[in-house]
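What follows is a short report on a single structure.
In my numbering, the protein residues as written are -10 to 222.
Shown next, in the form of C-alpha coordinates:
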(Lines of atoms letter the chains of each structure in order from A and count residues from 1; the text may use other names and numbers.)
(Lines give C-alpha, C1' and ligand atoms only; values in the text may rest on other atoms or scores of the structure.)
Protein backbone atom coordinates (compact mmCIF):
# COMPACT_ATOMS: atom_id res chain seq x y z
CA UNK A 1 0.00 0.00 0.00
CA UNK A 2 1.36 3.40 -0.99
CA UNK A 3 0.47 5.86 1.77
CA UNK A 4 3.32 8.36 1.98
CA UNK A 5 3.63 11.42 -0.25
CA UNK A 6 6.08 13.57 1.67
CA UNK A 7 8.37 15.02 -1.00
CA UNK A 8 7.05 14.46 -4.52
CA UNK A 9 9.07 16.22 -7.25
CA UNK A 10 6.10 18.20 -8.50
CA UNK A 11 2.38 18.69 -7.78
CA UNK A 12 0.16 15.99 -9.26
CA UNK A 13 -2.02 16.70 -12.27
CA UNK A 14 -5.30 17.91 -10.78
CA UNK A 15 -8.08 15.32 -10.91
CA UNK A 16 -11.69 15.49 -9.83
CA UNK A 17 -14.14 12.69 -9.12
CA UNK A 18 -16.91 12.67 -11.72
CA UNK A 19 -19.69 12.31 -9.16
CA UNK A 20 -18.54 15.47 -7.36
CA UNK A 21 -18.70 17.62 -10.49
CA UNK A 22 -22.41 17.90 -11.31
CA UNK A 23 -24.22 17.72 -7.97
CA UNK A 24 -24.46 20.02 -4.91
CA UNK A 25 -21.97 18.80 -2.30
CA UNK A 26 -20.33 21.92 -0.86
CA UNK A 27 -21.06 25.46 0.25
CA UNK A 28 -20.15 27.91 -2.52
CA UNK A 29 -19.74 30.80 -0.07
CA UNK A 30 -16.77 31.84 2.03
CA UNK A 31 -19.09 32.95 4.81
CA UNK A 32 -20.04 30.07 7.16
CA UNK A 33 -23.10 28.10 6.08
CA UNK A 34 -25.01 25.89 8.48
CA UNK A 35 -28.06 25.40 6.26
CA UNK A 36 -28.01 21.79 4.98
CA UNK A 37 -27.90 21.06 1.26
CA UNK A 38 -30.91 18.96 0.27
CA UNK A 39 -31.34 17.86 -3.35
CA UNK A 40 -33.47 15.30 -5.17
CA UNK A 41 -33.72 14.57 -8.87
CA UNK A 42 -34.98 11.25 -10.17
CA UNK A 43 -33.15 8.50 -8.32
CA UNK A 44 -30.47 10.90 -7.07
CA UNK A 45 -30.89 12.11 -3.50
CA UNK A 46 -28.28 14.13 -1.62
CA UNK A 47 -28.23 15.57 1.88
CA UNK A 48 -25.14 17.34 3.19
CA UNK A 49 -25.13 18.88 6.66
CA UNK A 50 -22.65 20.19 9.21
CA UNK A 51 -22.29 18.60 12.63
CA UNK A 52 -21.31 20.10 15.95
CA UNK A 53 -20.43 23.77 16.00
CA UNK A 54 -18.72 23.84 12.61
CA UNK A 55 -20.11 25.05 9.30
CA UNK A 56 -20.54 23.16 6.05
CA UNK A 57 -17.42 22.21 4.10
CA UNK A 58 -16.80 24.65 1.24
CA UNK A 59 -15.79 24.17 -2.37
CA UNK A 60 -12.34 25.50 -1.38
CA UNK A 61 -12.08 22.85 1.34
CA UNK A 62 -12.82 20.30 -1.40
CA UNK A 63 -9.41 21.08 -2.95
CA UNK A 64 -8.03 18.62 -0.40
CA UNK A 65 -10.26 15.90 -1.84
CA UNK A 66 -9.04 16.74 -5.35
CA UNK A 67 -5.48 16.46 -4.06
CA UNK A 68 -6.23 13.00 -2.68
CA UNK A 69 -7.87 11.91 -5.94
CA UNK A 70 -4.84 13.16 -7.85
CA UNK A 71 -2.44 11.23 -5.62
CA UNK A 72 -4.45 8.03 -5.83
CA UNK A 73 -4.62 8.33 -9.62
CA UNK A 74 -0.86 8.89 -9.88
CA UNK A 75 -0.29 5.79 -7.76
CA UNK A 76 -2.59 3.72 -9.97
CA UNK A 77 -0.93 5.06 -13.11
CA UNK A 78 2.43 3.96 -11.71
CA UNK A 79 1.13 0.41 -11.32
CA UNK A 80 1.05 0.54 -7.53
CA UNK A 81 -1.78 -0.08 -5.07
CA UNK A 82 -3.05 3.13 -3.40
CA UNK A 83 -4.11 3.31 0.24
CA UNK A 84 -7.21 5.05 1.49
CA UNK A 85 -5.06 6.67 4.17
CA UNK A 86 -2.59 9.32 2.98
CA UNK A 87 0.23 11.05 4.83
CA UNK A 88 1.61 14.38 3.65
CA UNK A 89 3.42 17.34 5.15
CA UNK A 90 1.14 20.40 5.53
CA UNK A 91 3.76 22.46 3.70
CA UNK A 92 3.67 20.16 0.66
CA UNK A 93 -0.12 20.06 0.70
CA UNK A 94 -0.34 23.85 0.68
CA UNK A 95 2.24 24.12 -2.10
CA UNK A 96 0.51 21.49 -4.23
CA UNK A 97 -2.74 23.45 -3.91
CA UNK A 98 -1.06 26.70 -4.93
CA UNK A 99 -1.54 28.32 -1.53
CA UNK A 100 0.73 30.33 0.72
CA UNK A 101 2.73 28.82 3.57
CA UNK A 102 2.42 31.50 6.24
CA UNK A 103 0.95 31.02 9.70
CA UNK A 104 -2.50 32.13 8.51
CA UNK A 105 -2.42 29.59 5.65
CA UNK A 106 -1.73 26.76 8.08
CA UNK A 107 -4.62 27.93 10.26
CA UNK A 108 -6.92 27.95 7.22
CA UNK A 109 -5.77 24.44 6.31
CA UNK A 110 -6.58 23.18 9.79
CA UNK A 111 -10.03 24.78 9.64
CA UNK A 112 -10.67 23.16 6.25
CA UNK A 113 -9.71 19.74 7.59
CA UNK A 114 -12.03 20.23 10.56
CA UNK A 115 -14.97 21.20 8.32
CA UNK A 116 -14.42 18.23 6.01
CA UNK A 117 -14.37 15.91 9.02
CA UNK A 118 -17.50 17.50 10.49
CA UNK A 119 -19.62 17.51 7.31
CA UNK A 120 -21.97 14.54 7.04
CA UNK A 121 -23.10 13.25 3.64
CA UNK A 122 -26.01 10.99 2.78
CA UNK A 123 -26.64 10.03 -0.85
CA UNK A 124 -28.18 7.41 -3.10
CA UNK A 125 -25.36 7.88 -5.62
CA UNK A 126 -23.24 4.72 -5.70
CA UNK A 127 -24.85 3.68 -2.42
CA UNK A 128 -24.00 0.03 -2.99
CA UNK A 129 -26.93 -1.04 -0.80
CA UNK A 130 -30.50 -1.15 -2.16
CA UNK A 131 -31.79 -0.87 1.41
CA UNK A 132 -30.48 2.62 2.00
CA UNK A 133 -28.18 5.50 1.02
CA UNK A 134 -24.44 5.75 1.49
CA UNK A 135 -23.46 7.70 4.62
CA UNK A 136 -20.02 9.14 5.26
CA UNK A 137 -18.02 12.29 6.05
CA UNK A 138 -15.69 13.93 3.58
CA UNK A 139 -12.82 13.12 5.91
CA UNK A 140 -13.12 10.21 8.31
CA UNK A 141 -10.25 11.53 10.39
CA UNK A 142 -7.07 13.55 10.33
CA UNK A 143 -4.26 13.39 12.84
CA UNK A 144 -0.55 14.11 13.19
CA UNK A 145 1.77 11.45 11.79
CA UNK A 146 5.50 10.89 12.15
CA UNK A 147 6.37 13.21 9.28
CA UNK A 148 3.14 14.97 8.37
CA UNK A 149 -0.62 14.81 8.71
CA UNK A 150 -2.43 11.50 8.19
CA UNK A 151 -5.71 11.80 6.27
CA UNK A 152 -8.25 8.97 6.25
CA UNK A 153 -10.76 9.42 3.46
CA UNK A 154 -14.08 7.61 2.96
CA UNK A 155 -14.49 4.44 0.92
CA UNK A 156 -17.05 6.24 -1.25
CA UNK A 157 -14.38 8.58 -2.64
CA UNK A 158 -11.60 6.00 -2.72
CA UNK A 159 -13.70 3.52 -4.70
CA UNK A 160 -14.59 6.19 -7.27
CA UNK A 161 -10.92 6.81 -8.01
CA UNK A 162 -10.03 3.10 -8.06
CA UNK A 163 -12.85 2.66 -10.60
CA UNK A 164 -11.25 5.46 -12.65
CA UNK A 165 -14.27 7.74 -12.28
CA UNK A 166 -12.06 10.82 -12.53
CA UNK A 167 -11.41 13.69 -14.93
CA UNK A 168 -8.42 16.01 -15.21
CA UNK A 169 -9.00 19.68 -14.39
CA UNK A 170 -7.26 22.68 -15.88
CA UNK A 171 -4.51 23.93 -13.48
CA UNK A 172 -6.22 27.33 -13.62
CA UNK A 173 -9.10 25.92 -11.58
CA UNK A 174 -7.22 26.48 -8.32
CA UNK A 175 -6.86 30.17 -9.16
CA UNK A 176 -10.64 30.70 -9.42
CA UNK A 177 -11.67 32.81 -6.43
CA UNK A 178 -15.46 32.60 -6.72
CA UNK A 179 -17.34 29.60 -5.37
CA UNK A 180 -19.93 29.70 -8.14
CA UNK A 181 -17.21 29.97 -10.80
CA UNK A 182 -15.48 26.92 -9.35
CA UNK A 183 -18.67 24.88 -9.27
CA UNK A 184 -19.67 25.99 -12.77
CA UNK A 185 -16.27 25.09 -14.20
CA UNK A 186 -16.48 21.58 -12.77
CA UNK A 187 -20.01 21.06 -14.09
CA UNK A 188 -19.06 22.29 -17.57
CA UNK A 189 -15.96 20.09 -17.55
CA UNK A 190 -18.03 17.02 -16.68
CA UNK A 191 -21.06 17.71 -18.90
CA UNK A 192 -19.24 19.13 -21.91
CA UNK A 193 -15.75 17.80 -21.48
CA UNK A 194 -13.64 18.64 -24.48
CA UNK A 195 -16.29 17.48 -26.93
CA UNK A 196 -17.25 19.85 -29.70
CA UNK A 197 -20.67 21.28 -28.90
CA UNK A 198 -20.43 20.42 -25.18
CA UNK A 199 -23.62 20.00 -23.15
CA UNK A 200 -26.62 22.16 -22.27
CA UNK A 201 -28.61 22.84 -19.10
CA UNK A 202 -31.21 25.49 -18.26
CA UNK A 203 -30.50 28.21 -15.69
CA UNK A 204 -33.24 27.12 -13.29
CA UNK A 205 -32.03 23.55 -13.33
CA UNK A 206 -28.50 24.85 -12.90
CA UNK A 207 -29.64 26.82 -9.85
CA UNK A 208 -31.13 23.70 -8.27
CA UNK A 209 -28.03 21.65 -9.08
CA UNK A 210 -25.72 24.16 -7.40
CA UNK A 211 -27.33 23.93 -3.97
CA UNK A 212 -26.91 27.68 -3.65
CA UNK A 213 -29.35 29.41 -1.26
CA UNK A 214 -29.16 32.58 -3.39
CA UNK A 215 -32.32 33.87 -5.05
CA UNK A 216 -32.66 32.65 -8.63
CA UNK A 217 -32.38 36.19 -10.05
CA UNK A 218 -29.10 36.81 -8.23
CA UNK A 219 -27.80 33.39 -9.21
CA UNK A 220 -28.59 34.03 -12.89
CA UNK A 221 -26.75 37.35 -12.80
CA UNK A 222 -23.73 35.63 -11.27
CA UNK A 223 -23.70 32.94 -13.94
CA UNK A 224 -23.91 35.49 -16.76
CA UNK A 225 -20.97 37.43 -15.30
CA UNK A 226 -18.91 34.26 -15.16
CA UNK A 227 -19.79 33.43 -18.77
CA UNK A 228 -18.64 36.88 -19.88
CA UNK A 229 -15.40 36.62 -17.88
CA UNK A 230 -14.69 33.09 -19.10
CA UNK A 231 -13.45 29.95 -17.38
CA UNK A 232 -10.15 28.04 -17.62
CA UNK A 233 -9.55 25.52 -20.38
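Heads up, the beta-carbon is just placed ideally off N, CA and C, and yes, glycines get one too.
Assumed close pair residue i, residue j - CB separation to whole angstroms, cut-off 8 Å
{"i": "residue 62", "j": "residue 150", "result": "6 Å"}
{"i": "residue 11", "j": "residue 26", "result": "With a Cβ gap of about 14 Å, residue 11 and residue 26 do not count as contacting."}
{"i": "residue 167", "j": "residue 28", "result": "That belief does not hold up - the Cβ atoms of residue 167 and residue 28 are roughly 21 Å apart, past 8 Å."}
{"i": "residue 110", "j": "residue 126", "result": "7 Å"}
Proximity of residue i and residue j at Cβ, strictly below 8 Å
{"i": "residue 3", "j": "residue 54", "result": "no"}
{"i": "residue 139", "j": "residue 74", "result": "yes"}
{"i": "residue 114", "j": "residue 128", "result": "no"}
{"i": "residue 86", "j": "residue 163", "result": "yes"}
{"i": "residue 198", "j": "residue 13", "result": "yes"}
{"i": "residue 145", "j": "residue 48", "result": "no"}
{"i": "residue 90", "j": "residue 84", "result": "yes"}
Proximal residues to residue i (C-beta, below 6 Å), its chain only, five neighbours per side dropped
{"i": "residue 158", "result": "3, 5"}
{"i": "residue 196", "result": "205, 208"}
{"i": "residue 51", "result": "15"}
{"i": "residue 147", "result": "73"}
{"i": "residue -3", "result": "Per-residue confidence for residue -3 stands at a pLDDT of 49, beneath the threshold of 50, marking its modelled position as unreliable; no derived number is given."}
Own chain, CB closer than 7 Å to residue i, minus 5 neighbours either side, in chain order
{"i": "residue 112", "result": "34, 35, 122, 123"}
{"i": "residue 43", "result": "103, 104, 107"}
{"i": "residue 174", "result": "162, 165, 220, 221"}
{"i": "residue 211", "result": "169"}
Cβ shell of residue i (< 8 Å), same chain only, five flanking positions each side left out
{"i": "residue 65", "result": "71, 150, 151, 153"}
{"i": "residue 226", "result": "Within the shown structure, residues of the chain are numbered from -10 to 222, placing residue 226 beyond reach of any answer."}
{"i": "residue 117", "result": "123"}
Residues bridged to residue i [DSSP beta-bridge criterion]
{"i": "residue 15", "result": "In the DSSP output, where bridge partners are listed per residue, residue 15 has none listed."}
{"i": "residue 139", "result": "76, 132"}
{"i": "residue 210", "result": "According to DSSP, which records beta bridges pairwise, residue 210 is partnered with nothing at all."}
{"i": "residue 5", "result": "156"}
{"i": "residue 28", "result": "35"}
Contact between the region 77 to 91 and the region 18 to 25: three or more CB pairs below 8 Å? Contact between the region 77 to 91 and the region 18 to 25 is absent, because fewer than three Cβ pairs lie under 8 Å.
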